[in-house]
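Here is the structure we will look at, set down as structure tokens.
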Amino acid sequence: MKIQYMAFSNHKILMIFIFVSMAAIGIQSVIQIVYAQDTGISVIRRVEIWALFYRLMIAAFMVGAAVHGVWMYVAWRFRESNKRFNVSDHTTSNPTTKSGGNR
């Protein structure tokens with residue numbers, strides 16, 4: 305019997321974390337609005353909607369900054385001018401090979 309494991313890549317885990325975080329922020333904001341109505345405080349829905357929008361925009365900008373930072377790290381780490389990743393082509397400098405084809 306073959307056991308199959310569900311493999312999550314880092315990309316999938318990151319996407320799940322982002323969506324769960326944004327959902328938690330949205331649910332928390334809605335719960336705050338609901339409990340504010342129970343205490344007798346009048347709620348201006350227009351203001352609360354904009355407050356929720358700004359909270360979610362801050363979360364989106366933070367996620368975007370993190371993703372952009374990872375892209376910059378990868379671009380800097382694996383750039384072509386990095387001496388560790390220069391690959392020299394030894395086949396063109398080999399004097400025993402002929403240009404007529406394989407032997």
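Our numbering numbers the first residue of the sequence shown as 305 and each following residue consecutively. Here a beta-carbon is modelled for each residue, glycine too, at the ideal position from N, C-alpha and C. All values reported here derive from a predicted model rather than from experimental measurement.
Going by C-alpha positions, I362 is about 21 Å away from M376. According to the DSSP assignment, V347 belongs to no alpha helix (DSSP H), since it is labelled neither H nor E. Sorting M366, F321, L360, V347 by C-alpha distance to the C-alpha of G330 places L360 at the top.
Secondary structure at F382: coil, using DSSP grouped into helix, strand and coil.
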